[in-house]
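Those protein sequences? They're chains H and F, same order as listed. For what it's worth, the working numbering labels the leading residue of the first sequence as 2, then goes sequentially. For what it's worth, the working numbering labels the leading residue of the second sequence as 2, then goes sequentially. Cβ coordinates follow ideal geometry from the N, Cα and C atoms, glycine included. To start, the structure under review is shown below, and the notes come after it.
2 protein chains.
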Amino acid sequence: MTDIDGEAGRTARKRGQIAEAAMAVFLRNGYVGASMDEVAALAGASKQTVYKHFTDKKQLFTHIVLATTAEVDALVKVVAATLDEGDDPAKDLRRLARAFLDALLRPEVLRLRRLVIAEADRFPELGRAWYEGGFERVLTTLTTCFERLAARGRLSLDDAGLAADHLVGLLLWIPVNRAMFYGSEAGDVADAERDRLADAAVAAFLRAYGPADGP
Amino acid sequence: MTDIDGEAGRTARKRGQIAEAAMAVFLRNGYVGASMDEVAALAGASKQTVYKHFTDKKQLFTHIVLATTAEVDALVKVVAATLDEGDDPAKDLRRLARAFLDALLRPEVLRLRRLVIAEADRFPELGRAWYEGGFERVLTTLTTCFERLAARGRLSLDDAGLAADHLVGLLLWIPVNRAMFYGSEAGDVADAERDRLADAAVAAFLRAYGPADGP
DNA sequence: CTGAGGAACTGGACGGTACAGTACTGGCAT
DNA sequence: ATGCCAGTACTGTACCGTCCAGTTCCTCAG
C-alpha cells in the first residue's frame, strides 16, 4: 500500500512507518483484533512513540482509513481521460469497465472495504466519509462525462446520474459481492473472466442507454 | 428473525432462547465485541447451560448465521410466484424489484450482512455458505424464471444467468452499498424512493433485455 | 570538522479492565 | 433422591494506555 505520508524528517518518517504498520495490522485483524503492541512492533517503534503521534487507537484507525481516499483521484482521472477523449464509446466504456474492475478487486482495496463496512456502526462518520470521498466522487465524475456524451449524441439518457449508477451496478455487483463474502483471496478473478464481466456489463448498458437508432 | 429453532421440549426451548439471544448480541456488537456473559444474561440462562448447548463461541456464531439462510426460501418463492404467473412482465418485474429491496434493506438483514462480511476472513467457510445458500439460490431461481420468460418471448436474452445478475446489480448496488457504509439506520429508505429505484432498474433492464421489437 | 545540548525514541514494566471457558454451590422440579 | 439449571466465583489471558530510565539521532555553535 505504499507510504501513507510524504517523506520528511525523522519524526515524519516514524509517523509514516507507524501509519503503514497500522494499516497492515488493521487490515489483517480488523479494528478490535488489532493490538497497539503489534502495530508498534511492526513499525519498529515503541508504544510511547505511537501514542505520541496518534492520541488513540480510534484516532489512528480513522487517520489510516481516510488517508486512502486520496488514492481514488487516480481512478477519477482515468474515468475522465478515457471517456472524454475517445470517439468510440463502446470501446472506451469497455476499457473503463476493465479499469474499474482492476481497481476495486485489488486485495488491499477489498480488505479495506470490508474493514470500513465492519466498523460502520462503531465509526459512522468514517463510513460516510469513505463513501462520499471515494464512491460518490467517482460517480459524479462519471455522471458529468455521461452528460457530455449525451450532448454529443453518443448516449441517450434523461438522467446521467442514474445511468452512472446503473453502469457500475451492472459491472460490480456480482464480482464485488463474491469477493466480500469469500475470503480476501477471492479478488483474484482470472483475467479473461474480468474481460467477460466488463464486456457483458457494457453491452447491457449500451442496450439500455446507447444512442437512439430512432424510428 | 423470529425463533431460530423449532419448538420442542424444555432443553430445545432453552437452546432456542440462547440462539435468539446470541443473534441479538452478535448483531449488535459483532463477533469479537459480543460477550458470552451477555448472551447468557439475555437468554435468561447461565453460561454453563450455554456451553452445554454450544461448545464454543465460534460454533455458536456459525450456527446462528447458517440458521438464517432458511429465510431466503421465502424470497425464492416470491420470485417464482411473481414471475411465472403474471402476464405483464414489466409490472411483475417492478413488483419483484420492490420485494427485493424491501427484503434486503431490512435493518437486521443489513446487520447480518455486515457481520458476515466482517468475519469473512475469520470464518471463510461461513461466508461461502451464506453466499451460496442465500445469494446464489435466489439468482438461480431468477435465472430459471428468465429462461421460461424468454421461451415465451417475453424477454430476449442468450444468457439468463447473466441477465439475472444484471437485474439485481442495476437494482441493488447503490442502495445496498449506501446502507453498508452508512450506519445501520441507513436502511430506512423512504417508500417513494424505493419505488423510484425499482422502477428505474426495471426500465433499464427491459431496455437491455426486453422482448425484441425486431425487424 | 567536532562535540555538546536537547528532542525524539526505545524497551520494558505496570495498573486496570474485559472476557473465554471452567468449576462449584444451592434451588427447583420430577 | 436425582438430574437439570441459575448464580457466581475463579483462572488465565490479552490488551489499552501510561510511565520511567536510558539511548540514539539531529542541530548548530565554535
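Are residue i and residue j closer than 8 Å when you measure CB to CB?
i: Leu140 of chain F; j: Ala151 of chain F; result: no
i: Leu172 of chain H; j: Leu198 of chain H; result: yes
i: Asp160 of chain H; j: Arg99 of chain H; result: no
i: Val203 of chain F; j: Arg95 of chain F; result: yes
i: Ala104 of chain F; j: Leu76 of chain F; result: yes
i: Val190 of chain H; j: Pro212 of chain H; result: no
i: Leu111 of chain F; j: Ala180 of chain F; result: yes
i: Asp122 of chain H; j: Gly184 of chain F; result: yes
i: Leu113 of chain H; j: Thr63 of chain H; result: no
i: Lys58 of chain H; j: Met37 of chain H; result: yes
i: Tyr132 of chain F; j: Phe124 of chain H; result: no
Buried or exposed: residue i, going by 16 or more other Cβ atoms within 10 Å of its Cβ?
i: Ala82 of chain H; result: exposed
i: Gln18 of chain F; result: buried
i: Asp85 of chain H; result: exposed
i: Asp166 of chain H; result: buried
i: Glu137 of chain H; result: exposed
i: Ala20 of chain H; result: buried
i: Ala193 of chain F; result: exposed
i: Leu28 of chain F; result: buried
i: Arg153 of chain F; result: exposed
i: Asp93 of chain F; result: buried
i: Arg16 of chain F; result: buried
i: Ala205 of chain F; result: buried
i: Arg115 of chain F; result: buried
Closest to residue i by C-alpha separation, out of the options, would be which residue?
i: Phe74 of chain H; options: H:Lys58, H:Gly134, H:Val51; result: Per the sequence shown, residue 74 of chain H should be read as Asp rather than Phe. The option with the nearest alpha carbon to Asp74 of chain H is H:Gly134.
i: Ala164 of chain H; options: F:Trp174, F:Thr63, F:Thr142; result: F:Trp174
i: Tyr32 of chain H; options: H:Thr69, H:Val117, H:Leu43; result: H:Val117
i: Leu102 of chain H; options: H:Ile65, H:Gly154, H:Asp88, H:Val80; result: H:Val80
i: Ala130 of chain F; options: F:Tyr210, F:Arg16, F:Val66, F:Glu39; result: F:Val66
i: Arg155 of chain F; options: F:Ala205, F:Glu109, F:Tyr210; result: F:Tyr210
i: Arg147 of chain F; options: F:Ala91, F:Ala68, F:Glu109; result: Per the sequence shown, the amino acid found at residue 147 of chain F is Phe instead of Arg. When only C-alpha atoms are compared, the closest one is F:Ala91.
i: Glu109 of chain H; options: H:Lys58, H:Ala13, H:Asn30; result: H:Asn30
i: Leu106 of chain F; options: F:Thr145, F:Lys15, F:Asn178; result: F:Asn178
Which same chain residues, not among the five before or five after residue i, have their C-beta less than 7 Å away from its C-beta?
i: Ala41 of chain H; result: Ser47, Lys48, Val51
i: Arg149 of chain H; result: Asp85
Cutting at 6 Å between CB atoms, please list the residues of its own chain near residue i, excluding the five before and the five after it.
i: Glu120 of chain H; result: Tyr32
i: Ala44 of chain H; result: Gln18, Ile19, Ala22
i: Phe55 of chain H; result: Leu61
i: Gly162 of chain F; result: Thr144
i: Leu97 of chain F; result: Thr83
i: Met24 of chain F; result: Ile65
i: Lys78 of chain F; result: none
Excluding the five sequence neighbours on either side, which residues of its own chain have a C-beta within less than 8 Å of the C-beta of residue i, listed in chain order?
i: Val26 of chain H; result: Ala35, Ser36, Glu39, Val40, Leu43
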